[in-house]
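Trainee: Numbering-wise (the numbering used here), the sequence shown opens with residue 612 and increments by one.
I'd like to ask some things about the structure below.
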Amino acid sequence: MSHIISQNLFIGDFPPITVSQCVEDALSAQLLQHLLDTVTDCIIGVSATFREGCQLSSIAFSTLSRVLVVHVPKSHVPRPKDGAKLLQVSRGRALLQEHILSPNFQKHAFKMDQIATALYSDLSLCIADGVDMLSVTTHDRGSLQALMDAMGDETPLYKGNVKALFFGREGNTASGVALRAWATCRAAMIPDMSRRFSSISRINTSALPKAHLIVLAKIFRDGERLDAMKPTHVKNEVQSKFTVKKRAVNLTCSRFPTRIRPTSNQIIRLKMKGGKTTTSVTGRVHGVVGRNARVVVNNPIKGNKIVSVTTIGKDAPTVAESLREDVIRKALQNTTTLLSQPFFKSVWLPGEPPLWPVPKAPRTKPLIYFPGRALNNSQEKAVETILSTSNKDRLITIQGPPGTGKTTVIAATVLSHDYANSNRTIWIAAQSNVAVKNIAEKLIKEGFDKFKLLVSKDFHFDWHEHLYEELEARLIRSDLFKMSVVEASRLLLDSKVILCTLSMFSNPNIDVFLRIVPV
């Protein structure tokens, strides 16, 4: 089945594009050859659509004049009893693997990390010579500007059409995914962009050990699914009082979980009431400081009472989420040592023995010091294991329901470490700010105060300062992280124990503390 489409992304005259479609079990060598006969400079553009659950729905391969869209049925792995069907699907995938996904051609995609992991997760296919085109930009990979950069920052484009195709619903149609694939091919062949893409490390999943590829694909897919679960509409709880200056509305948020966030990819809808009339206006956030948010609306405000405030659009990826995606992409490009890190191996690759550094101190039975109260047998064993320098105790799991003394174990470990006058440093990280604060309060209760607590400004300022009154002297807020090593040393003093949330490790300015108190 074929049809003709015309491009409306690049300014200029381009010939019509022939689009062929088939289900993967109907893919034939002839269909593939029609595409391959039109390849120029060994470049093929690739794009894909995904269904609920982030599974591959279709994948498009493009040259400058022809696109092949291969649809993947929802039950993409036939049941064993469907022997003939299984054979056809296997043949179709074998053709893709041999003729397109092989090193014979350069495959370009704006998000090649997503496509490479999906090919393996959903179709058990590997790709060679894959180019992640968004790797050329320094902007947020999910932004329109990043896409424009990858399409040629000096290339004349219809910006509105680019936005509609790549960020709207039309990109999920057969013609839409075909045009997206064509755009990748076209951008890859622009001389200036071609030179820039040539310096990007290739993604070759066919060269990765199967165990490594399984792990990378799982981590990437889990991140996609978590992102898909983010709500597209959030009702923001705000105080009734507000001010308006021209078209800037100043609002005060009431609750931290539903606060207005400083992102540019979301729309704020204000429903206002004046007398018996209710009207709605939309706008965008132009600044957030603590509880206060400034929203610039598109139309004049009519009304003196706020009925509701709603954020439309998913939250942008957090720094931690973006960093996770970045690390997985670099692992696929073989430009990071992630897969050889001993802690990563211990968690994700238990079949590969990790290579731990040789401990500097002799291996002796650790001394437990916890004068506050006696520990029970399980707590003592847990503390001994944490303090141990044995390789088998490098990564341990301590479990127990609330009230069984897990925080006490942490406190006993810190006090024992300090009593031994060890040069080893300790970083204590928890999922939430509240959990970190509870650990800090426990340490103080047990008589230990030689620690520092790293806290996000967004969480602390104007929202939760009252929770940290007793910890203020030991608190370092994230807006103060930009400092020299000398300044950080003065701030840390002799602290060898640092507390923070897990997400704090993704803060780009935390390195200054890691130099002084290494993990």
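The C-beta atom is built at its ideal place from N, Cα and C for all residues, glycine as well.
Since the structure is predicted, the reported quantities are computational estimates derived from the model, not experimental observations.
#1: Any idea what DSSP makes of Ser631, helix, strand or coil?
#2: Check Ala720 in the structure and name its three-state DSSP category.
#3: Give the single residue among Val906, Asn876, Gln952 and Ser676 whose Cα lies nearest to the Cα of Val938.
#4: Can you list the beta strand (DSSP E) stretches of 3 or more residues lying completely in the region 1035-1082, in chain order?
#5: To the nearest whole angstrom, what separates the beta carbons of Val855 and Ser865, a pair I think is in contact under 8 Å?
#6: When the Cα atoms are used, what is the spatial distance from Thr1008 to His823?
#7: Can you find at least 3 beta carbon pairs, one from the region 723-731 and one from the region 815-831, that sit closer than 8 Å?
#8: Tell me which residues share the same chain as Pro977 and place their Cβ nearer than 7 Å to its Cβ, disregarding the 5 neighbours each side in the sequence.
#9: Please name the residue, chosen from Leu638, Leu620 and Thr649, that lies closest to Thr629 on a Cα-to-Cα basis.
#10: On the CB-based measure, 16 or more other CB atoms within 10 Å of its CB, does Cys737 come out buried or exposed?
#11: Using beta-carbon positions only, say whether Thr1036 and Pro1129 come within less than 8 Å of one another.
#12: My parser needs the beta strand (DSSP E) runs of 3 or more residues fully inside the region 914-995; what are they?
#13: Exposed or buried, which one is Ala927 when buried takes at least 16 other CB atoms within 10 Å?
#14: Please state whether the Cβ-Cβ distance between Leu1078 and Leu1110 is less than 8 Å.
#15: With which residues is Ser1106 paired in a DSSP beta bridge?
#16: Is it right to say His897 is buried, meaning 16 or more other beta carbons lie within 10 angstroms of its own, or is it exposed?
#17: Taking only the alpha-carbon atoms, compute the straight-line gap between Ser1043 and Thr1018 and give it to the nearest angstrom.
#18: Am I right that Asn847 and Thr922 are in contact with their C-beta atoms under 8 Å? What's the rounded C-beta distance?
#19: Report the residue from Glu963, Val678 and Phe867 whose alpha carbon sits nearest the alpha carbon of Asp1218.
#20: Could you give the first and the last residue of the continuous beta strand (DSSP E) run that contains Asp743?
Mentor: In short, the structure shows the following:
#1: Reading the sequence shown from its first residue, position 20 is the one you call residue 631. Correct three-state label for Ser631: strand.
#2: Taking the first residue of the sequence shown as 1, we reach residue 720 at position 109. Three-state result, Ala720: strand.
#3: Mapped onto the sequence shown, residue 938 falls at position 327. Looking at the Cα atoms, Gln952 is the closest of the given residues.
#4: 1037-1041 and 1062-1066
#5: Counting from one through the sequence shown, the residue named residue 855 turns up at place 244. Counting from one through the sequence shown, the residue named residue 865 turns up at place 254. That pair is no contact at about 19 Å.
#6: Numbered from its first residue, the sequence shown carries residue 1008 at position 397. Numbered from its first residue, the sequence shown carries residue 823 at position 212. When rounded, the distance between both Cα atoms is 23 Å.
#7: yes
#8: Counting from one through the sequence shown, the residue named residue 977 turns up at place 366. Hits under 7 Å: Glu995, Leu998, Ser999 and Ser1027.
#9: Against the sequence shown, residue 629 aligns to sequence position 18. Among Leu638, Leu620 and Thr649, the Cα nearest to that of Thr629 belongs to Thr649.
#10: Position 126 of the sequence shown, counted from the start, is the residue given in the question as residue 737. By the 10 Å Cβ count, Cys737 comes out buried.
#11: Taking the sequence shown and counting its residues from 1, one reaches residue 1036 at position 425. Taking the sequence shown and counting its residues from 1, one reaches residue 1129 at position 518. Going by C-beta atoms, Thr1036 is nearer than 8 Å to Pro1129.
#12: 916-923
#13: Taking the sequence shown and counting its residues from 1, one reaches residue 927 at position 316. Ala927 is buried by the Cβ-count criterion.
#14: The residue labelled residue 1078 in the question sits at position 467 within the sequence shown. The residue labelled residue 1110 in the question sits at position 499 within the sequence shown. In this structure, Leu1110 does not lie closer than 8 Å to Leu1078 by Cβ.
#15: By 1-based counting over the sequence shown, the position of residue 1106 is 495. The beta-bridge partner set that DSSP reports for Ser1106 is empty.
#16: Walking along the sequence shown from the start, residue 897 turns up at place 286. Classification of His897: exposed, given that the 10 Å Cβ count is below 16.
#17: Sequence index remark: in the sequence shown, residue 1043 carries index 432 (1-based). Sequence index remark: in the sequence shown, residue 1018 carries index 407 (1-based). Distance between the alpha carbons of Ser1043 and Thr1018: 14 Å.
#18: Sequence index remark: in the sequence shown, residue 847 carries index 236 (1-based). Sequence index remark: in the sequence shown, residue 922 carries index 311 (1-based). At roughly 6 Å, the Cβ-Cβ gap stays under 8 Å, so Asn847 and Thr922 are in contact.
#19: Lying outside 612 to 1130, the shown extent of the chain, residue 1218 is not represented and no answer is given.
#20: For the purposes of this step, residue 743 is identified with residue 132 of the sequence shown, where counting begins at 1. Going by DSSP, Asp743 is part of the beta strand (DSSP E) stretching over Gly741 to Asp743.
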